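What follows is one structure encoded as structure tokens, with my remarks underneath.
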Amino acid sequence: MPRPKRCRFVDRLPVYRSFSPDDIDASESVLMTVDEFEALRLLDNEGMTQEQCAARMNVSRTTVTAIYDSARKKIGDVLVNGKRLLITGGNCKFTPQQPPENLIEKGQNTMRIAVTYDNGEIFQHFGHSEYFKLYDAENGVIVGEQVVSTNGSGHGALAGFLQAAQVDALI
Numbered sequence: 003m004p005r006p007k008r009c010r011f012v013d014r015l016p017v018y019r020s021f022s023p024d025d026i027d028a029s030e031s032v033l034m035t036v037d038e039f040e041a042l043r044l045l046d047n048e049g050m051t052q053e054q055c056a057a058r059m060n061v062s063r064t065t066v067t068a069i070y071d072s073a074r075k076k077i078g079d080v081l082v083n084g085k086r087l088l089i090t091g092g093n094c095k096f097t098p099q100q101p102p103e104n105l106i107e108k109g110q111n112t113m114r115i116a117v118t119y120d121n122g123e124i125f126q127h128f129g130h131s132e133y134f135k136l137y138d139a140e141n142g143v144i145v146g147e148q149v150v151s152t153n154g155s156g157h158g159a160l161a162g163f164l165q166a167a168q169v170d171a172l173i
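As structure tokens, this is what we get:
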């Protein structure tokens, strides 16, 4: 009996979860897991090494190699044979949130307020907000503001994201 698969960390869910050829009705589908997509994203799009990818996904380097090989074979099948690609499932959970790299540090006597944000306006749905506008206030005066991306984090991950960003209040 094989040992259970270790849960893999992913930074975010894919924005687009299905792809299909334009000119034909793709009757066959290929299923790619979210962790296979994450390995492709980290290695090909982010330019990470397999070692860096393995550390990010909380697996061994040989596991990353196997995940990546499986994902590439599926992409090849989709492109060569005109099949539809569906990205879903897999044994994974969100990577514990780190503060965004470009986040300006909060001062000691500063209150940080987060507001859901989209295209210069307050966004109406907290769970689907892709951006937050952060305001730093001292003595009732706004002393700084910045817009930060949630990197595709959804409902459950947003609380951790806001905590990592040292937010004191959410509007």
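Here the sequence shown is numbered in my numbering, starting from 3 and rising by one per residue.
For every residue, glycine included, the Cβ atom is placed at its ideal position computed from N, Cα and C.
Being a predicted model, the structure only gives us computed values, none of them experimental.
Inter-residue Cα distance where the pair is Glu132 and Ala161: Indexing the sequence shown from 1 puts residue 132 at position 130. Indexing the sequence shown from 1 puts residue 161 at position 159. Each residue's Cα considered, the two are about 13 Å apart.
Measure the alpha-carbon distance for Glu123 versus Gly92 and round it to whole angstroms. Here the question's residue 123 lines up with position 121 in the sequence shown. Here the question's residue 92 lines up with position 90 in the sequence shown. Rounded to whole angstroms, the gap between the alpha carbons of Glu123 and Gly92 is 36 Å.
Kindly indicate the opening and closing residues of the alpha helix (DSSP H) around Ser72. Looking up residue 72 in the sequence shown gives position 70. First-last of the alpha helix (DSSP H) with Ser72: 63-83.
On the three-state DSSP scale, how would you describe Asp120? Position 118 of the sequence shown, counted from the first residue, corresponds to residue 120. DSSP places Asp120 within a strand segment (E or B) once states are collapsed to three.
Report whether the distance from the Cβ of Arg114 to the nearest heavy atom of the ligand HEM is below 7 Å. In the structure on display, the ligand HEM does not appear, and there are no ligands present to speak of.
From what residue to what residue does the alpha helix (DSSP H) around Val36 run? Against the sequence shown, residue 36 aligns to sequence position 34. Note, Val36: alpha helix (DSSP H), 36-42.
Mapping DSSP to helix, strand and coil, what is Arg2? Here the chain has residues from 3 to 173 only, and residue 2 is not among them.
Identify the residues that DSSP records as bridge partners of Ala57: which are they? In the sequence shown, residue 57 corresponds to position 55, counting from 1. Residue pairing for Ala57: DSSP places it in no beta bridge.
Rounded to whole angstroms, what is the Cα-Cα separation between Phe163 and Thr152? In the sequence shown, counting from the first residue as 1, residue 163 sits at position 161. In the sequence shown, counting from the first residue as 1, residue 152 sits at position 150. The alpha-carbon atoms of Phe163 and Thr152 are separated by roughly 7 Å.
Since Arg143 is in the beta strand (DSSP E), which residue starts that stretch and which ends it? Position 141 of the sequence shown, counting from 1, holds the residue named residue 143. Reading off the sequence shown, one finds Val at residue 143, where the question assumed Arg. Per DSSP, Val143 belongs to the beta strand (DSSP E) from 143-151.
Looking only at its own chain, which residues have a Cβ that is under 7 Å from the Cβ of Lys85, when we skip the five neighbours before and after it? For the purposes of this step, residue 85 is taken as the residue at position 83 of the sequence shown. Taken in chain order, the residues that qualify are Ala28, Glu30, Ser31, Val32, Asp79.
Name the residue from Lys76, Phe96, Val149, Ser22 whose alpha carbon lies nearest to the alpha carbon of Phe125. Here the question's residue 125 lines up with position 123 in the sequence shown. With distances taken between Cα atoms, Phe125 lies closest to Val149.
Out of Ala139, Ile26, Val117, Ala73, state which residue places its alpha-carbon closest to the alpha-carbon of Glu40. Position 38 of the sequence shown holds residue 40. The residue with the shortest Cα to Cα distance from Glu40 is Ala73.
With a threshold of 8 Å between beta-carbons, can Phe163 be considered close to chain C, or not? Absent from the structure: chain C. Only one protein chain is present.
What does the alpha-carbon distance come out to for the pair Phe134 and Leu15? Your numbering for residue 134 matches position 132 in the sequence shown. Your numbering for residue 15 matches position 13 in the sequence shown. Spanning the two alpha carbons is a distance of roughly 18 Å.
Tell me Asp138's beta-bridge partners as DSSP assigns them. Looking up residue 138 in the sequence shown gives position 136. BP columns for Asp138 point to Arg114, Gly146.
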